[in-house]
Amino acid sequence: VPEKFATLGLTYDDVLLLPGASDMAPDQIDTSSYLSKNIKVNVPLLSAAMDKVTEARMAIAMARQGGAGVLHRNLSIEDQANQVDLVKRSESGMVTDPITVHPDATLRDADELCAKFRISGVPVTDSAGKLLGIVTNRDMAFESDRSRQVREVMTPMPLVTGKVGISGVDAMELLRRHKIEKLPLVDDAGILKGLITVKDFVKAEKYPNAAKDKDGRLLVGAAVGVAGDAYERAQALIAAGVDFIVVDTAHGHSRLVGEMVAKIKSNSSGVDLIGGNIATRDGAQALIDSGVDGIKVGVGPGSICTTRVVAGIGVPQVTAIYEASLAAKAAGIPVIGDGGLQYSGDIAKALVAGADTVMLGSLLAGCEESPGELLFINGKQFKSYRGMGSLGAMQTRGDQRSFSKDRYFQETVSTDDKLIPEGIEGQVPYRGPVSAVVHQLVGGLRQSMFYVGGRTVPELQQNGKFVRITSAGLKESHPHDIQMTVEAPNYSRK
Ligand code: RVP
Numbered sequence: 008v009p010e011k012f013a014t015l016g017l018t019y020d021d022v023l024l025l026p027g028a029s030d031m032a033p034d035q036i037d038t039s040s041y042l043s044k045n046i047k048v049n050v051p052l053l054s055a056a057m058d059k060v061t062e063a064r065m066a067i068a069m070a071r072q073g074g075a076g077v078l079h080r081n082l083s084i085e086d087q088a089n090q091v092d093l094v095k096r097s098e099s100g101m102v103t104d105p106i107t108v109h110p111d112a113t114l115r116d117a118d119e120l121c122a123k124f125r126i127s128g129v130p131v132t133d134s135a136g137k138l139l140g141i142v143t144n145r146d147m148a149f150e151s152d153r154s155r156q157v158r159e160v161m162t163p164m165p166l167v168t169g170k171v172g173i174s175g176v177d178a179m180e181l182l183r184r185h186k187i188e189k190l191p192l193v194d195d196a197g198i199l200k201g202l203i204t205v206k207d208f209v210k211a212e213k214y215p216n217a218a219k220d221k222d223g224r225l226l227v228g229a230a231v232g233v234a235g236d237a238y239e240r241a242q243a244l245i246a247a248g249v250d251f252i253v254v255d256t257a258h259g260h261s262r263l264v265g266e267m268v269a270k271i272k273s274n275s276s277g278v279d280l281i282g283g284n285i286a287t288r289d290g291a292q293a294l295i296d297s298g299v300d301g302i303k304v305g306v307g308p309g310s311i312c313t314t315r316v317v318a319g320i321g322v323p324q325v326t327a328i329y330e331a332s333l334a335a336k337a338a339g340i341p342v343i344g345d346g347g348l349q350y351s352g353d354i355a356k357a358l359v360a361g362a363d364t365v366m367l368g369s370l371l372a373g374c375e376e377s378p379g380e381l382l383f384i385n386g387k388q389f390k391s392y393r394g395m396g397s398l399g400a401m402q403t404r405g406d407q408r409s410f411s412k413d414r415y416f417q418e419t420v421s422t423d424d425k426l427i428p429e430g431i432e433g434q435v436p437y438r439g440p441v442s443a444v445v446h447q448l449v450g451g452l453r454q455s456m457f458y459v460g461g462r463t464v465p466e467l468q469q470n471g472k473f474v475r476i477t478s479a480g481l482k483e484s485h486p487h488d489i490q491m492t493v494e495a496p497n498y499s500r501k
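Residue numbering for the sequence shown follows UniProt numbering, starting at 8 and increasing by one per position.
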């Protein structure tokens, strides 16, 4: 029966983009794109929801570069919500819900707060929220007795304060005129309502391309599953201020995923909901029907993934993205091409195939900001990286249960030796800070857009065309007939 066989599946190495008529300079190019229906990023890159890729530090770094991170869920609900909080507080135009300390707390307590949130001072408020003073590094630095109470060392009111709703320019002027670093905002009753800091102005200048929410805070997403407490997890993430939630499984075309999407969506306070992963047009349509704001595509392309071998399941990624996008484009729902990207050129290929953004695991796992540990092997530096379906990620750690088993629908497997892994564990070369890696990836994308003749992502998608290549063509694409003696920042032989 001919219908038994779908079309030929193609992936990144099977195609190249055709050079097209172009009349722009690479620096006129706009790389912004939608990751979901209501959320736009400035560069179309997301970091994967994996425990060796995205925790708060990676999410902050990605958002500062203009993309976004998706916090993994292989940790308790409380810990994951806490990570959202860390990202949301890391940079903002105005902190609307500042960390505060009670006057009876000790300096030790204040130290802990400052260390945890990487801040240099904290407003002091009573239990009604009234501003009593501020305790900063300058107040605390010369105190050797850390058991002293905050009230004894704080700089008490009257402080220089601003009114709620003050403009950025006026706030900066107050900070400058009074040579202070923090401006508490209070209402008429003296209740603390917000905080503006010099640091935020400096960061805004340092990361002009940062992806932010409407309050000037960095964008962040987080993953949930379908089993057990997934709904409670989503609620906790929403309460912590997450911008988008990904119902992230290895098989998004299953009833449980559709139901979880619909359930979270019914009470999501405007947070965008992404579902996945799927690899067919029907799979994309099913997610659309359950109400998603974004679709994540990829079954088996991941560098650490063994689903295609263990289960014989998957669709080569360029075809998967293309097929999913046929349903998604018609519904106006953005597509995330997740997994399998090896080089910057693959980003444009994914976009031309129909993706709006891409999600990266291995390309970011080697960064300084990833949670994996740095390893030295034969004088070279590596970072550990593993699939969320690997034994290491799915098995119980000490007395801590794994939260990533339900990505592979194995949450009811009773003992670790009965797990069926769909991923492996390994290491990737250390690649330095996210800023440098993203610079190369986005630089490569800009070159692609220039070659194709697409000034914006939609133009790239519209104008881009593929040529299919053979293994001889692929061989010709890579450097050949030479021994590489100098390492390029954006190329290494696999
Ligand atoms: P890559 O960028 O090729 O390393 O792929 C990362 C993607 O692989 C993730 O975003 C996820 O969709 C998928 N993944 C994660 N764990 C596993 C697995 O264990 N099979 N796969």
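The C-beta atom is built at its ideal place from N, Cα and C for all residues, glycine as well.
In chain order, 96, 201, 202 place their CB closer than 7 Å to the CB of residue 102, counting only its own chain and leaving out the 5 sequence neighbours on each side.
The beta carbon of residue 138 is closer than 8 Å to those of 130, 131, 132, 164, 166, 168, 191, 193, 197, 198, 199 in its chain, skipping five residues each way along the sequence. When the Cα atoms are used, residue 92 and residue 247 turn out to be separated by approximately 6 Å.
If you look at residue 302, you'll find it in the beta strand (DSSP E) that goes 301–304. Residue 121 has its Cβ no nearer than 7 Å to any heavy atom of ligand 1. Relative to ligand 1, residue 378 has its C-beta separated by 7 Å or more from all heavy atoms. For residue 436, the uninterrupted beta strand (DSSP E) run begins and ends at 432–436, by DSSP.
Remark: the C-beta of residue 314 is in contact range of ligand 1, defined as less than 7 Å to any heavy atom. Counting C-beta pairs with one atom in each stretch, the stretch 286–301 and the stretch 323–338 have three or more that are closer than 8 Å, which means they touch.
Closest in alpha carbon position to residue 15, among 484, 499, 479, 475, is 475.
The beta carbon of residue 412 sits closer than 6 Å to those of 401, 418, all from its chain and outside the five residues before and after it, given in chain order.
In the structure shown, the three-state DSSP call for residue 416 is coil. In the displayed model, residue 472 falls within coil according to three-state DSSP, outside both helix and strand. Per DSSP, the beta-bridge partners of residue 24 are 473. Within the stretch 303–331, the runs of alpha helix (DSSP H) at least 4 residues long that lie entirely inside it are, in chain order, 314–317. Judged by DSSP secondary structure, residue 87 falls within the alpha helix (DSSP H) whose first and last residues are 84–97. Per DSSP, the continuous alpha helix (DSSP H) segment holding residue 445 begins and ends at 441–459. Contact between residue 434 and residue 358 does not hold, since their C-beta atoms are separated by about 29 Å, which reaches or exceeds 8 Å. Taking 8 Å as the upper bound for CB-CB distance, residue 188 and residue 204 are in contact here, some 6 Å apart.
Annotation: the continuous alpha helix (DSSP H) that includes residue 147 extends over 144–147.
Residue nearest to residue 374 within the set 436, 207, 77, 338 is 436 (criterion: CA-CA distance). The DSSP-derived three-state label of residue 488 is coil. In this structure, residue 344 has its beta carbon at no less than 7 Å from each heavy atom of ligand 1. In the same chain as residue 312, and ignoring 5 residues on each side of it, the C-beta atoms closer than 6 Å to its own belong to 394, 430, in chain order. Partner residues in a beta bridge of residue 157, as assigned by DSSP, do not exist. In terms of side-chain proximity, the C-beta atom of residue 305 is found nearer than 7 Å to a non-hydrogen atom of ligand 1. A straight-line Cα-Cα distance of about 37 Å links residue 255 and residue 479. Looking at 108, 460, 404, the one whose alpha-carbon comes closest to that of residue 472 is 460. Per DSSP, the continuous beta strand (DSSP E) segment holding residue 384 begins and ends at 381–384.
Taking 8 Å as the upper bound for CB-CB distance, residue 328 and residue 307 are not in contact here, some 13 Å apart. Scanning the UniProt domain "CBS" (161–218) for uninterrupted alpha helix (DSSP H) segments of 4 residues or longer gives 175–185, 205–213, listed from N- to C-terminal end. The beta-bridge partner set that DSSP reports for residue 387 consists of 384. Its Cα nearest to that of residue 305, the residue 345 stands out among 269, 326, 345. With contacts defined by Cβ atoms closer than 8 Å, residue 77 and residue 228 form a contacting pair.
Around the beta carbon of residue 209, fewer than 16 other beta carbons sit within 10 angstroms, so the residue counts as exposed. The three-state reading of DSSP puts residue 378 in coil, since its state is none of H, G, I, E or B.
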